[in-house]
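Numbering (this note's numbering), first residue to last: 1 to 189.
Have a look at the structure below before the remarks.
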Ligand SMILES: [Zn+2]
């Protein structure tokens, strides 16, 4: 497999990192500040040609896309999450094309990466739909480490994930530990 295929993030991964560019834990919620942030995000996910096609106007479009993807996590039911993502694919996807990659044949239903942000919407939405198809919408979660509300996809075998990252898990564990210590010392007095 060529290196580039290994390095490219999946659609679901792209969706999660884009959604989390609005971060309620940080005082400055908006991480998607300008076109350079958008370019770095695309490049970091293995899509340099998409990064090269980004213009200033794409920042606002990326934020709109972010709210449409976020709806799939905040929907009241699985059916509504699927509906929201299907609508996004209907608006942004392309007719499926069968293409040969290094390892196998696969369908591509999004514009070429070289079209920049236009490729991200259907790529990310279809990635989330694949997770729902394969593992169920219950796998979509929001971090329990308040005030962080970042999203994650629970890939754990026993569906036990509660935090977006190790940092939040440690932060909450330490807070619990300190609380137990305080209660313990009061009980002894
Ligand atoms: Zn978190």
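Here a beta-carbon is modelled for each residue, glycine too, at the ideal position from N, C-alpha and C.
The structure presented is a predicted model; accordingly, all values stated were derived computationally and were not measured.
Can you tell me the Cα-Cα spacing of residue 18 and residue 98, whole angstroms? As a first step, residue 18 is located in the chain shown; it is residue number 18 there, counting from the start. As a first step, residue 98 is located in the chain shown; it is residue number 98 there, counting from the start. Cα-Cα distance, rounded: 27 Å.
Rank 15, 112 and 160 by C-alpha distance to the C-alpha of residue 64 and give the top, closest one. Residue numbering aside, residue 64 sits at position 64 when the chain shown is read from its first letter. Ranking the options by Cα distance to residue 64, first place goes to 15.
What are the start and end residues of the alpha helix (DSSP H) that includes residue 44? The residue given as residue 44 occupies position 44 in the chain shown. Element bounds for residue 44: 35–44.
Where are the alpha helix (DSSP H) runs, 4 residues long or more, that stay fully inside the segment 52–113, in chain order? 58–74 and 78–92
On the premise that residue 142 lies in contact with residue 131, defined as a C-beta separation below 8 Å, what is that separation, rounded to the nearest angstrom? Position 131 of the chain shown, counted from the start, is the residue given in the question as residue 131. Position 142 of the chain shown, counted from the start, is the residue given in the question as residue 142. Contact doesn't hold; Cβ gap of about 15 Å is too wide.
Counting pairs of Cβ atoms below 8 Å between the segment 35–49 and the segment 89–108, do you hit three or more? no
Tell me the rounded alpha-carbon separation between residue 9 and residue 120. Position 9 of the chain shown, counted from the first residue, corresponds to residue 9. Position 120 of the chain shown, counted from the first residue, corresponds to residue 120. Each residue's Cα considered, the two are about 11 Å apart.
In terms of residues, what are the limits of the beta strand (DSSP E) holding residue 142? Looking up residue 142 in the chain shown gives position 142. Here the beta strand (DSSP E) through residue 142 covers 140–142.
Return the CA-CA distance between residue 27 and residue 180, expressed in angstroms with no decimal places. Against the chain shown, residue 27 aligns to sequence position 27. Against the chain shown, residue 180 aligns to sequence position 180. When rounded, the distance between both Cα atoms is 28 Å.
Rounded to a whole number of angstroms, what is the C-alpha to C-alpha distance between residue 138 and residue 155? Your numbering for residue 138 matches position 138 in the chain shown. Your numbering for residue 155 matches position 155 in the chain shown. So the alpha carbons of these two residues sit roughly 11 Å apart.
Any heavy atom of ligand 1 closer than 7 Å to the beta-carbon of residue 119? Looking up residue 119 in the chain shown gives position 119. Every heavy atom of ligand 1 is 7 Å or more from the Cβ of residue 119, so no.
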